[in-house]
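K.L.:
Have a look at the structure that comes next, please.
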Amino acid sequence: MSLSDKKDYWGVVLIGFCVPFFLIPTVNNVIRDETKIPFLSQNLRQYFIDLSFLSWLFFALLFSFLLIAIFLLVLFTAKKLVANIPVLLQIIRFVFVGGFNTLLDWGVVNLLVFISGLSSGWQFYFFKATSFLVANIASYFWNKNWTFQSDKKNSSAFWQFFVVSLLGLLINVSTAWVIVDFIGPIREISAIIWMQFGLLTATAISMVWNFIGYKLIVFKK
């Protein structure tokens, strides 16, 4: 097995391990919200609400082992199918890294929302900007060392990454603002659930911009 293959497999192992722990604040906020969720009975909702912090960690650990197995299988299959198409391998890595950074982003913003009890207004944009910047610091190291495997050692790559990410931040937060506050919750959807939809849409749009910017500008070979 080549060094690149080892980095790929260890990369998805680390991502699979971390993702469930990033999910805890988001899942906790959604479950505690009063909006009716299909397939989630009131008794089951109350069960999760009453779980201790250690119980949440235990479930996250179990889920992480399941995700690691799934991610390894997906990566193994993908490498067999697109082994001779480098750009597709980069896209696959970017999707894994994007998922990691997305859930880190959501985890931070949902943690801040849970602590403050605020899910809209200027505080939400501050939380969103904070979480996006935290996720993008992680994104730089993941994309430089794994997705694009760049050997650039000067500071220009970081500043290029910063500018691309800053524009991505503008796209991300603007999209979230349009959905969360300008449009606002539709029908009987609560503010918390609508916020999650806003986060998902903002992330999807900014990820497209980020991949193009990182590929063609920051880590161009």
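Reading the sequence shown from the start, the letters are residues -6 to 214 in my numbering. Even for Gly, the Cβ is constructed at its ideal location relative to N, Cα and C. These numbers were taken from a predicted model, which means no experiment stands behind them.
(1) Give the C-beta separation of S199 and G161 to the nearest angstrom, bearing in mind that I take them to be a contact with Cβ-Cβ under 8 Å.
(2) Consult DSSP for L44 and reduce its assignment to one of helix, strand or coil.
(3) Give the secondary structure of V121 by DSSP, where H, G and I count as helix, E and B as strand, and everything else as coil.
(4) If you follow the alpha helix (DSSP H) that Q142 is in, where does it begin and where does it stop?
(5) Could you name the residues of the same chain whose beta carbon sits closer than 6 Å to that of S158, not counting the 5 residues immediately before and after it, in chain order?
(6) Closer than 8 Å by C-beta to G92: which residues in its own chain qualify, once you throw out the five before and the five after it? Chain order, please.
(7) With DSSP as the reference, label R38 as helix, strand or coil.
(8) Roughly how many angstroms separate the alpha carbons of V102 and F120, rounded to a whole number?
(9) How do the segment 95 to 111 and the segment 64 to 72 stand: do at least 3 beta-carbon pairs fall below 8 Å, yes or no?
(10) I believe L97 touches A131 by the beta-carbon criterion, under 8 Å. Please report the beta-carbon distance rounded to the nearest angstrom.
(11) Could you give the residue range of the alpha helix (DSSP H) that holds G206?
(12) From which residue to which residue does the alpha helix (DSSP H) around A76 run?
(13) Between I42 and L111, what straight-line distance do the alpha-carbon atoms span, to the nearest angstrom?
(14) I believe D26 touches I210 by the beta-carbon criterion, under 8 Å. Please report the beta-carbon distance rounded to the nearest angstrom.
(15) Give the single residue among T168, S167, V166, G191 whose Cα lies nearest to the Cα of P178.
(16) Assign L111 to one of three DSSP states: helix, strand, or coil.
P.N.:
Looking at the coordinates:
(1) 5 Å
(2) coil
(3) Position check: residue 121 holds Lys in this sequence, whereas Val was assumed. Three-state DSSP puts K121 in a helix.
(4) Per DSSP, Q142 belongs to no alpha helix (DSSP H) and is neither H nor E.
(5) N129
(6) I8, V12
(7) helix
(8) 5 Å
(9) no
(10) 6 Å
(11) 184 to 206
(12) A76 -> no alpha helix (DSSP H), and no H or E assigned at all.
(13) 19 Å
(14) With a Cβ gap of about 40 Å, D26 and I210 do not count as contacting.
(15) G191
(16) coil
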